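Comments concern the structure below.
Residue numbers (my numbering): 456 to 627.
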(Lines of atoms letter the chains of each structure in order from A and count residues from 1; the text may use other names and numbers.)
(Lines give C-alpha, C1' and ligand atoms only; values in the text may rest on other atoms or scores of the structure.)
Protein backbone atom coordinates (compact mmCIF):
# COMPACT_ATOMS: atom_id res chain seq x y z
CA UNK A 1 0.00 0.00 0.00
CA UNK A 2 1.35 3.42 -0.97
CA UNK A 3 1.57 5.97 1.82
CA UNK A 4 0.32 9.19 0.20
CA UNK A 5 1.55 11.35 3.09
CA UNK A 6 5.13 10.08 2.60
CA UNK A 7 4.91 10.69 -1.14
CA UNK A 8 3.62 14.22 -0.56
CA UNK A 9 6.37 14.97 1.97
CA UNK A 10 9.05 13.64 -0.40
CA UNK A 11 7.65 15.69 -3.29
CA UNK A 12 7.69 18.83 -1.16
CA UNK A 13 11.30 18.25 -0.14
CA UNK A 14 12.53 17.42 -3.64
CA UNK A 15 10.56 19.95 -5.69
CA UNK A 16 8.87 22.65 -3.69
CA UNK A 17 11.52 23.45 -1.08
CA UNK A 18 14.29 24.18 -3.63
CA UNK A 19 11.89 26.44 -5.53
CA UNK A 20 11.15 28.35 -2.34
CA UNK A 21 14.89 28.65 -1.64
CA UNK A 22 15.46 30.29 -5.00
CA UNK A 23 12.45 32.59 -4.62
CA UNK A 24 13.49 33.54 -1.12
CA UNK A 25 17.04 34.31 -2.20
CA UNK A 26 15.85 36.42 -5.11
CA UNK A 27 13.61 38.43 -2.79
CA UNK A 28 16.22 38.79 -0.07
CA UNK A 29 16.00 41.78 2.22
CA UNK A 30 12.19 41.80 2.30
CA UNK A 31 12.15 41.06 6.03
CA UNK A 32 9.94 39.32 8.51
CA UNK A 33 6.76 39.38 6.42
CA UNK A 34 8.56 37.48 3.65
CA UNK A 35 9.73 34.84 6.15
CA UNK A 36 6.20 34.34 7.49
CA UNK A 37 4.76 33.97 3.98
CA UNK A 38 7.32 31.32 3.04
CA UNK A 39 6.89 29.52 6.37
CA UNK A 40 3.11 29.27 5.95
CA UNK A 41 3.38 28.13 2.33
CA UNK A 42 5.89 25.37 3.14
CA UNK A 43 3.93 24.29 6.23
CA UNK A 44 0.77 24.01 4.12
CA UNK A 45 2.55 21.88 1.53
CA UNK A 46 4.51 19.65 3.88
CA UNK A 47 2.32 19.43 6.95
CA UNK A 48 5.39 20.16 9.10
CA UNK A 49 6.24 23.08 11.37
CA UNK A 50 8.84 25.26 9.63
CA UNK A 51 11.04 28.11 10.86
CA UNK A 52 12.73 30.26 8.18
CA UNK A 53 15.54 32.76 8.68
CA UNK A 54 16.30 34.90 5.61
CA UNK A 55 19.13 36.97 7.04
CA UNK A 56 21.85 38.37 4.77
CA UNK A 57 22.29 36.36 1.55
CA UNK A 58 21.10 33.07 2.99
CA UNK A 59 17.94 31.19 3.80
CA UNK A 60 17.80 28.77 6.73
CA UNK A 61 14.83 26.46 7.12
CA UNK A 62 14.30 24.29 10.18
CA UNK A 63 11.87 21.38 9.98
CA UNK A 64 11.11 18.32 12.10
CA UNK A 65 13.45 16.28 9.89
CA UNK A 66 16.46 18.58 9.86
CA UNK A 67 17.84 21.94 8.85
CA UNK A 68 18.25 23.27 5.32
CA UNK A 69 20.51 26.18 4.48
CA UNK A 70 21.09 27.96 1.17
CA UNK A 71 23.54 30.82 0.65
CA UNK A 72 23.98 32.77 -2.56
CA UNK A 73 25.81 35.92 -3.55
CA UNK A 74 29.26 37.44 -3.40
CA UNK A 75 30.45 36.37 0.06
CA UNK A 76 29.41 32.72 0.26
CA UNK A 77 31.56 30.50 2.46
CA UNK A 78 32.28 26.80 2.07
CA UNK A 79 29.89 24.99 4.45
CA UNK A 80 31.49 23.40 7.52
CA UNK A 81 29.83 20.13 6.48
CA UNK A 82 31.65 20.04 3.11
CA UNK A 83 33.63 16.76 3.17
CA UNK A 84 37.36 17.24 3.74
CA UNK A 85 38.16 14.38 1.34
CA UNK A 86 36.49 16.08 -1.65
CA UNK A 87 38.77 18.40 -3.59
CA UNK A 88 37.95 22.09 -3.54
CA UNK A 89 40.07 24.78 -5.23
CA UNK A 90 40.84 27.39 -2.55
CA UNK A 91 41.13 30.08 -5.27
CA UNK A 92 37.63 29.45 -6.60
CA UNK A 93 34.79 31.90 -5.97
CA UNK A 94 31.77 30.22 -4.36
CA UNK A 95 28.46 31.41 -5.83
CA UNK A 96 26.00 29.14 -4.00
CA UNK A 97 26.14 26.66 -1.14
CA UNK A 98 23.32 24.40 0.04
CA UNK A 99 23.54 22.40 3.25
CA UNK A 100 20.76 19.81 3.40
CA UNK A 101 20.09 16.80 5.63
CA UNK A 102 20.95 14.52 2.67
CA UNK A 103 24.22 16.25 1.80
CA UNK A 104 25.85 19.42 0.58
CA UNK A 105 26.03 21.19 -2.79
CA UNK A 106 28.52 23.92 -3.68
CA UNK A 107 28.62 25.87 -6.95
CA UNK A 108 31.69 27.95 -7.76
CA UNK A 109 33.52 29.63 -10.62
CA UNK A 110 37.18 29.48 -11.58
CA UNK A 111 39.31 31.01 -14.31
CA UNK A 112 40.78 27.62 -15.22
CA UNK A 113 39.62 25.76 -18.32
CA UNK A 114 37.09 22.93 -18.22
CA UNK A 115 39.88 20.49 -19.17
CA UNK A 116 42.18 21.72 -16.36
CA UNK A 117 39.41 21.49 -13.74
CA UNK A 118 38.44 18.03 -15.01
CA UNK A 119 42.04 16.81 -14.74
CA UNK A 120 42.37 18.19 -11.19
CA UNK A 121 39.18 16.52 -9.98
CA UNK A 122 40.09 13.21 -11.59
CA UNK A 123 43.51 13.20 -9.88
CA UNK A 124 42.51 14.67 -6.50
CA UNK A 125 39.44 12.50 -5.99
CA UNK A 126 41.47 9.34 -6.76
CA UNK A 127 44.22 10.52 -4.39
CA UNK A 128 41.59 10.90 -1.64
CA UNK A 129 40.26 7.36 -2.09
CA UNK A 130 37.25 8.04 -4.32
CA UNK A 131 36.45 5.64 -7.18
CA UNK A 132 35.18 7.15 -10.40
CA UNK A 133 31.95 5.31 -11.24
CA UNK A 134 30.69 7.42 -14.13
CA UNK A 135 31.90 10.06 -16.55
CA UNK A 136 30.14 11.90 -19.33
CA UNK A 137 31.48 14.57 -21.69
CA UNK A 138 29.02 16.42 -23.91
CA UNK A 139 29.62 19.67 -25.81
CA UNK A 140 32.50 20.80 -23.60
CA UNK A 141 30.70 19.90 -20.39
CA UNK A 142 31.85 17.16 -18.05
CA UNK A 143 30.02 15.22 -15.37
CA UNK A 144 31.57 12.70 -12.97
CA UNK A 145 30.15 10.32 -10.42
CA UNK A 146 32.39 9.14 -7.58
CA UNK A 147 31.89 6.55 -4.84
CA UNK A 148 33.73 6.06 -1.55
CA UNK A 149 32.38 3.32 0.66
CA UNK A 150 28.70 4.24 1.23
CA UNK A 151 29.11 7.85 0.12
CA UNK A 152 28.61 9.32 -3.34
CA UNK A 153 29.49 12.59 -5.02
CA UNK A 154 28.84 14.19 -8.39
CA UNK A 155 30.88 16.90 -10.06
CA UNK A 156 29.58 18.92 -13.02
CA UNK A 157 31.95 21.21 -14.92
CA UNK A 158 31.07 23.52 -17.79
CA UNK A 159 32.18 26.73 -19.48
CA UNK A 160 30.27 29.88 -18.59
CA UNK A 161 31.40 32.74 -20.82
CA UNK A 162 35.05 33.37 -19.86
CA UNK A 163 34.97 31.27 -16.66
CA UNK A 164 34.37 27.67 -15.70
CA UNK A 165 31.39 26.83 -13.50
CA UNK A 166 31.69 23.81 -11.19
CA UNK A 167 29.02 22.18 -9.04
CA UNK A 168 29.99 19.62 -6.43
CA UNK A 169 27.27 17.53 -4.78
CA UNK A 170 28.22 15.28 -1.88
CA UNK A 171 25.73 12.93 -0.29
CA UNK A 172 26.11 12.17 3.41
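From the three backbone atoms N, C-alpha and C, an ideal C-beta is built for every residue, glycine too.
Computed from a prediction, not measured in an experiment: that's the story for all the values here.
Let me know if residue i comes out buried or exposed under the rule of 16 or more other beta-carbons within 10 Å of its beta-carbon.
i, result
"residue 617", "exposed"
"residue 518", "buried"
"residue 580", "buried"
"residue 573", "buried"
Considering only residues of the same chain and omitting the five flanking positions on each side of residue i, which have a CB-CB separation below 8 Å?
i, result
"residue 532", "526, 549, 552"
"residue 522", "515, 516, 554, 556"
At what residues does the beta strand (DSSP E) containing residue i begin and finish?
i, result
"residue 548", "548-555"
"residue 562", "558-565"
"residue 588", "586-593"
"residue 516", "513-518"
Using DSSP with H/G/I as helix, E/B as strand and the rest coil, what is residue i?
i, result
"residue 574", "helix"
"residue 603", "strand"
"residue 582", "helix"
"residue 569", "helix"
"residue 613", "strand"
Report all residues from its chain with a CB closer than 6 Å to the CB of residue i; omit the five preceding and five following residues, and keep chain order.
i, result
"residue 625", "538, 541, 558, 559, 608"
"residue 534", "552, 554, 559"
"residue 524", "515, 554"
"residue 603", "584, 585"
Can you grab the Cα-Cα spacing for the pair residue i / residue j, in whole Å?
i, j, result
"residue 575", "residue 529", "25 Å"
"residue 605", "residue 596", "27 Å"
"residue 577", "residue 587", "8 Å"
"residue 611", "residue 600", "9 Å"
"residue 585", "residue 504", "38 Å"
"residue 613", "residue 620", "5 Å"
"residue 547", "residue 615", "14 Å"
"residue 582", "residue 520", "34 Å"
"residue 513", "residue 590", "32 Å"
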